[in-house]
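These notes are about the structure you will find just below.
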Amino acid sequence: LVPDHIALVWQGTEISYSVLNERANAIAAAVQAAVPGVRNPIVTVLLDRGPEMVMALLGILKAGAAYLPIDPEYPADRIRYMLEDSGTALLVTHTEIAPVAFAGETVYVDQMEEGLCWQPVPVRSDDLAYIIYTSGSTGMPKGVMIEHRNVVRLLFNDRDLFDFTQRDVWTLFHSYCFDFSVWEMYGALLFGGKLVIVPKAVAQSAREFLELLREQRVTVLNQTPGSFYNIMAEEREQSMAGLQLRYVIFGGEALKPGKLRDWYRKYPECRLINMYGITETTVHVTYKEITDVEIAQQASNIGRPIPTLSLLVLDRDGHLAPQGVAGELCVGGAGLARGYLNRPELTAQRFIDHPYHKGE
Numbered sequence: 002l003v004p005d006h007i008a009l010v011w012q013g014t015e016i017s018y019s020v021l022n023e024r025a026n027a028i029a030a031a032v033q034a035a036v037p038g039v040r041n042p043i044v045t046v047l048l049d050r051g052p053e054m055v056m057a058l059l060g061i062l063k064a065g066a067a068y069l070p071i072d073p074e075y076p077a078d079r080i081r082y083m084l085e086d087s088g089t090a091l092l093v094t095h096t097e098i099a100p101v102a103f104a105g106e107t108v109y110v111d112q113m114e115e116g117l118c119w120q121p122v123p124v125r126s127d128d129l130a131y132i133i134y135t136s137g138s139t140g141m142p143k144g145v146m147i148e149h150r151n152v153v154r155l156l157f158n159d160r161d162l163f164d165f166t167q168r169d170v171w172t173l174f175h176s177y178c179f180d181f182s183v184w185e186m187y188g189a190l191l192f193g194g195k196l197v198i199v200p201k202a203v204a205q206s207a208r209e210f211l212e213l214l215r216e217q218r219v220t221v222l223n224q225t226p227g228s229f230y231n232i233m234a235e236e237r238e239q240s241m242a243g244l245q246l247r248y249v250i251f252g253g254e255a256l257k258p259g260k261l262r263d264w265y266r267k268y269p270e271c272r273l274i275n276m277y278g279i280t281e282t283t284v285h286v287t288y289k290e291i292t293d294v295e296i297a298q299q300a301s302n303i304g305r306p307i308p309t310l311s312l313l314v315l316d317r318d319g320h321l322a323p324q325g326v327a328g329e330l331c332v333g334g335a336g337l338a339r340g341y342l343n344r345p346e347l348t349a350q351r352f353i354d355h356p357y358h359k360g361e
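In the working numbering, the protein residues as written are 2 to 361.
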């Protein structure tokens with residue numbers, strides 16, 4: 002709908018939606034040629050941060066496949082494990098990235114065959130969109146299977162909590178192996194906004210990142226609280242105006258609202274939103290806007306479930322816990338993943354039957 006608008010910004014280079022679409026189509030054609038006739042295959046992406054990474058993810062989706070992101074800086078053993086455990090049909094990478102042991106087909110984004118034509122394919126809402134492997138803190142990493150419908154309802158539903166538009170400027174700050182990046186990428190691109198891909202060195206420097214926020218006039222910022230505290234400290238030190246932020250959206254770790262007092266007073270038009278979620282629930286589960294009340298109380302509060310999701314606190318027997326009684330926080334609704342890839346027993350253990358809604 003906005004072919005001439007800027008879709009991506011990378012180190013001073015701007016890429017329009019029309020160019021992004023053309024290059025995604027080329028990758029889609031290469032994926033279809035490499036795995037002909039395979040419906041909704043898993044395609045691994047091994048690329049460094051940059052425009053080609055975003056183009057590859059979109060191209061894989063347009064080919065009717067699901068993408069599995071792997072960071073080239075992961076240890077070789079972890080890369081090998083993810084390739085083998087996923088049973089991936091295809092590897093999409095770049096010739097400058099160190100080769101990995103992979104017996105299947107490989108597409109190099111810098112050496113794609115010319116003349117291939119992308120064939121649009123019907124994609125169902127329950128098709129896989131992506132698989133993200135968890136950190137493995139409770140054992141070997143597990144692949145979480147997310148479907149198209151899981152992502153779409155996160156950003157488009159009957160009771161949208163945000164007013165994102167094509168005028169918004171987002172940053173792709175987080176690794177594409179961390180599901181916060183899903184919110185960043187599609188939050189920008191599905192609304193026709195601009196996505197500024199942040200170089201890794203800039204992401205690691207609060208001063209450089211703050212300068213990028215000013216230069217690019219970023220309006221939607223997604224951060225872990227710890228990272229944002231560093232940005233706030235740098236902003237206080239510089240004592241400069243110029244930020245255009247409409248939203249700062251927190252996730253990934255507990256927020257300490259009391260630390261936001263000075264920022265809240267200086268930027269009263271910037272809405273501070275605390276969200277909680279995990280990969281298995283498609284990025285976000287709850288929403289809480291931080292105001293002077295929460296800042297004064299200095300109490301972390303994850304808020305209420307976002308539209309399409311519900312929360313229950315259940316006791317050890319799976320019954321609803323009375324108010325004030327400790328229990329397990331359980332999430333239900335349309336954001337729940339399909340389950341864990343190739344782990345039916347673990348899926349059955351973690352994705353339990355809803356005690357009050359039959360069939361959910």
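Quick reminder that beta carbons are idealized off the backbone N, C-alpha and C, glycines included.
Residue pairing for R305: DSSP places it in a beta bridge opposite Y288. In the three-state reduction of the DSSP assignment, N231 falls in the helix class, which pools H, G and I. Under the three-state reduction of DSSP, Q224 is assigned to strand. With a beta-carbon spacing of about 3 angstroms, G193 and Q167 fall inside the 8 angstroms limit used to define contacts. In this structure, A57 is the residue among S126, R351, A57 with its C-alpha nearest to the C-alpha of M113. Counting along the chain, A8 sits inside the beta strand (DSSP E) bounded by residues 7–11.
Per the coordinates, the alpha-carbon of G259 lies some 28 angstroms from the alpha-carbon of S311.
Here F210 carries a helix assignment [DSSP, helix/strand/coil]. Remark: three or more beta-carbon pairs, one from each stretch, lie closer than 8 angstroms, so the segment 214–234 and the segment 173–187 are flagged as touching. A straight-line Cα-Cα distance of about 24 angstroms links G340 and G60. V153 sits away from L91, with the two beta carbons spaced by 8 angstroms or more.
Between G252 and M276 the beta-carbon gap is near 5 angstroms, inside 8 angstroms, which marks them as a contact.
For the pair of segments examined, the segment 68–80 was found not to touch the segment 319–332: the number of CB pairs separated by less than 8 angstroms stays below three. Looking at the DSSP output, V145 bridges to I133, Y341. Bridge partners of V314 according to DSSP: L330. In the DSSP assignment, N275 falls within the beta strand (DSSP E) that extends over 272–277.
Under the DSSP assignment, Y68 falls in the beta strand (DSSP E) whose first and last residues are 67–71.
For the segment 150–194, the continuous alpha helix (DSSP H) assignments of 4+ residues that do not extend past its boundaries occur at 181–190, in sequence order. Scanning R215, H175, A189, Y187 for the CA closest to the CA of V199 turns up H175.
If you look at L47, you'll find it in the beta strand (DSSP E) that goes 43–47. In this structure the segment 87–103 touches the segment 41–48; the number of beta carbon pairs closer than 8 angstroms is three or more. DSSP, reduced to helix, strand and coil, places L58 within a helical segment of the structure shown. Membership of Y109 in the beta strand (DSSP E) is indicated by the continuous run 106–109. With contacts defined as CB atoms closer than 8 angstroms, V10 and V197 qualify as a contacting pair.
By the neighbour-count criterion, in which a residue is buried when 16 or more other Cβ atoms sit within 10 angstroms of its Cβ, A297 is exposed. Pairing V221 with T282 gives a Cβ-Cβ distance that is not under 8 angstroms. Between the beta-carbon of L48 and that of A130 there is about 18 angstroms, and that puts the pair past the 8 angstroms contact cut.
CA-CA distance, H320 to V314, rounds to 8 angstroms. Nearest in C-alpha terms to T172, of all of Q12, Y268, E295, is Q12. Each of R50, V170, I132, G144 was checked against the Cα of L246, and the nearest Cα belongs to V170.
With a beta-carbon spacing of about 5 angstroms, R272 and Y248 fall inside the 8 angstroms limit used to define contacts. A direct Cα-to-Cα measurement between L211 and N231 gives close to 10 angstroms.
Distance from the CA of V101 to the CA of D159, rounded to the nearest whole angstrom, comes to 45 angstroms. The beta carbons of V108 and V93 sit closer together than 8 angstroms.
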